[in-house]
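From first to last, the protein sequence lines are chains B and V.
To get this note's numbering, take the position in the first sequence, counting from 1, and add 1083.
To get this note's numbering, take the position in the second sequence, counting from 1, and add 1083.
All residues carry an ideal CB built from backbone N, CA and C; glycine is no exception.
See below for the structure under consideration.
2 protein chains.
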Amino acid sequence: MLLDCGEGAQRQLSRYGLRTLKISHVFITHLHGDHYFGLPGLVTSMALFGRSEPLTIVGPPALSSIMQVLITESDAHLPFEVRYVATQCNETAVVVETEQFSVTSIPLKHRIPCTGFIIKEKCPERRLNVDACTRYQVPVGEYDEIKWGKDYPSSQFGLVKNEILTTAGHINRNYAYITDTIFDKDYLLPHIKGVDLLYHEATFLQEREQRAHETFHSTALQAAITAQAAGVKQLMIGHFSARYNDAIPLVEEARSIFPNTLEAIEGVTISIGDPSAQVGVG
Amino acid sequence: MLLDCGEGAQRQLSRYGLRTLKISHVFITHLHGDHYFGLPGLVTSMALFGRSEPLTIVGPPALSSIMQVLITESDAHLPFEVRYVATQCNETAVVVETEQFSVTSIPLKHRIPCTGFIIKEKCPERRLNVDACTRYQVPVGEYDEIKWGKDYPSSQFGLVKNEILTTAGHINRNYAYITDTIFDKDYLLPHIKGVDLLYHEATFLQEREQRAHETFHSTALQAAITAQAAGVKQLMIGHFSARYNDAIPLVEEARSIFPNTLEAIEGVTISIGDPSAQVGVG
């Protein structure tokens, strides 16, 4: 899943050894150029590389017609299907649902229609205890539901509690991607409460709060206040104004309120749900 | 003047220290992404940098509506005027005329509507001999025409020949930018005859002539044949297929027919009209 796609994204993906053919979904928050001007190039390059798997593109309603005009004018014949999903700017909506993830769009308050995205893992959270299942003669066809936490009603043994048939397994994680937005903690709170990782834009330092407000952006301090109020486990900030050559003051400002704050650094892999780990440069 | 504007062009301009505010005209040959997907980002960045000078964009008719949709959807308010000039794909046309240059578009034969561009310098080619002008009492108001080669009809001295009033000065140069096109030397010849520098695409080696023909591209050898037939002073080739990691075989192939062939190398400045000079990496 690729979240936003600024100009040059395909080149950067390649630089970090990330194969574009592995991208199944692209999510575009809004139609400011720094968030999607790399999408036409990415999609047409996928065609050159012979992609055949479908690609889902989620974004503002106008995105599909923009992409279709560009593709038509270049007389490109994409050898794969592109599925467009339009985001709503007046209500939250589940925009993607796969076996492993669900993704919800949340309207944000920016200068033009814009949504954030919440990605929720939805794997079974219990691991089968196969010995116990065999002992209680649980049919294999029941295994899936048992991994999801169901007890098993046995005619011979009575109701077999799930804790007997399973052990603790995977813990589902979630990630909130919130950019671009004016500071509005109370509005965001119910959507991002307790997420494992919150990416929140932090365009300015707090000393430029007025400018942030006028341009419908947030400050590093405001991102941290939101993270703290929502009780998220980890905060990552980015989208820094070009006026800042150095991200350290922005990160320090956020950490003054919310210590577990990371800077979004190009090429760095973050392992969600493992706050101690900030692993590897791609 | 910027000829074509692929994705990432603004970043590369910046890397080579070229100020985008100095660009007055952008020419787009055709609507394949590698020739214009960098234009929306370039234009919106010009707005961020506070440009106020007008910008002329020359390209296929659909380009203006594409740009206008992107700008409208991003709610950008460009603080400068953009003037669109549509190229014709059925006849040559003078698309830009400034005090120093005229630019002509030439329809090319590619998979989609496409034009090349010929840039002709049009400065006065004679330098005033002010002493002589004073001696023959030439009014200052006549100087401009005399620099363009006119004799001066004096009531006192009779017709004063231009060679007396001027010395040899600047020699106007011209540059032909021909991409993307199938090989068609006879068609191109009258347009590019004797130009100081011909840029001609060379997507493939001659061993892939068939593939070049099918995709409406040229080989390095074909570019050189065209250069030779047209008697151009210098040839520059580029637009090499991604299959070639090394440009040397392509340049060598062209040089077998036309020795004065250069490779188009990113960041390298070519001084037109000075075949010995290939000056400076920006």
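Looking at the secondary structure, which residues open and close the alpha helix (DSSP H) in which residue i lies?
i	result
Y1219/B	No alpha helix (DSSP H) contains Y1219/B, which DSSP labels as neither H nor E.
A1295/V	E1292 to E1297
V1178/B	Here V1178/B belongs to no alpha helix (DSSP H); instead the beta strand (DSSP E) covers A1176 to E1180.
H1118/V	G1116 to Y1119
Y1099/V	No alpha helix (DSSP H) contains Y1099/V, which DSSP labels as neither H nor E.
A1259/V	That residue, A1259/V, is in no alpha helix (DSSP H); its beta strand (DSSP E) goes N1257 to I1261.
I1202/V	Premise fails: I1202/V lies in the beta strand (DSSP E), C1197 to E1204, not in any alpha helix (DSSP H).
Y1226/B	Y1226 to K1230
For residue i and chain V, any beta-carbon pair shorter than 9 Å?
i	result
D1234/B	no
T1286/B	no
A1290/B	The residue asked about is misnamed: residue 1290/B is Glu in this sequence, not Ala. It does not: the Cβ of E1290/B has no partner Cβ on chain V nearer than 9 Å.
I1195/B	yes
G1124/B	yes
P1143/B	yes
T1127/B	yes
9 Å is my cut-off, CB to CB: does residue i come that close to chain B?
i	result
V1152/V	yes
S1157/V	yes
Q1093/V	yes
L1114/V	yes
P1162/V	no
P1190/V	no
E1090/V	yes
A1313/V	no
F1110/V	no
F1120/V	yes
D1087/V	no
I1149/V	yes
Where residue i and residue j are concerned, what is the direct C-alpha to C-alpha distance, given to the nearest angstrom?
i	j	result
F1323/B	A1145/B	27 Å
E1297/V	Q1317/V	28 Å
E1367/V	L1248/V	Nothing can be reported for residue 1367/V: it is not among the residues displayed for chain V, which extend from 1084 to 1365.
G1363/B	P1236/B	Confidence is the limiting factor: at G1363/B the pLDDT is only 39, short of 50, which leaves the residue's position unreliable, though a coordinate-based value still follows. Rounded to the nearest angstrom, the two C-alpha atoms are 47 Å apart.
D1117/V	E1090/V	7 Å
I1201/V	G1224/V	32 Å
S1081/B	T1155/B	Nothing about residue 1081/B can be reported from this structure: the residues present for chain B run from 1084 to 1365 only.
L1096/V	M1084/V	12 Å
Y1167/V	A1176/V	15 Å
R1326/V	T1262/V	18 Å
A1312/B	G1199/B	18 Å
A1306/V	E1336/B	59 Å
C1216/V	K1233/V	13 Å
C1197/V	S1301/V	14 Å
S1188/B	D1227/B	29 Å
L1122/B	I1106/V	25 Å
G1100/B	E1246/B	42 Å
L1153/B	K1192/B	28 Å
A1330/B	F1184/B	32 Å
Report yes if the CB atom of residue i is closer than 9 Å to the CB atom of residue j, and no otherwise.
i	j	result
G1142/B	F1120/B	no
D1087/V	T1103/V	no
F1341/B	A1295/B	no
H1115/V	I1229/V	no
T1309/V	I1353/V	no
T1127/V	V1179/V	no
V1213/V	V1243/V	no
T1181/V	R1209/V	no
P1332/B	L1272/B	no
P1190/V	F1163/V	no
Q1093/V	G1133/V	no
Starting from residue i, trace the beta strand (DSSP E) in both directions and tell me its first and last residue.
i	result
E1164/V	No beta strand (DSSP E) holds E1164/V; DSSP gives it neither H nor E.
K1268/B	That residue, K1268/B, is in no beta strand (DSSP E); its alpha helix (DSSP H) goes K1268 to I1275.
M1150/B	Careful: M1150/B lies outside any beta strand (DSSP E), inside the alpha helix (DSSP H) at A1145 to E1156.
S1107/B	Where S1107/B is concerned, there is no enclosing beta strand (DSSP E), given that its DSSP letter is neither H nor E.
P1137/B	Per DSSP, P1137/B belongs to no beta strand (DSSP E) and is neither H nor E.
E1284/B	L1280 to E1284
V1315/V	From DSSP, V1315/V is part of no beta strand (DSSP E); its letter is neither H nor E.
Cβ closer than 9 Å: which chain C residues qualify as neighbours of residue i?
i	result
F1299/B	The structure shown contains no chain C; its protein chains are B and V.
task = Check whether the region 1277 to 1288 of chain B touches the region 1239 to 1259 of chain B, taking contact to mean three or more Cβ pairs, one atom from each stretch, closer than 8 Å.
result = yes
task = Examine the Cβ distances between the region 1158 to 1171 of chain B and the region 1154 to 1165 of chain V and report whether three or more of them are shorter than 8 Å.
result = no
ask   = Is the region 1301 to 1320 of chain B touching the region 1335 to 1355 of chain B, taking contact as three or more C-beta pairs under 8 Å?
value = yes
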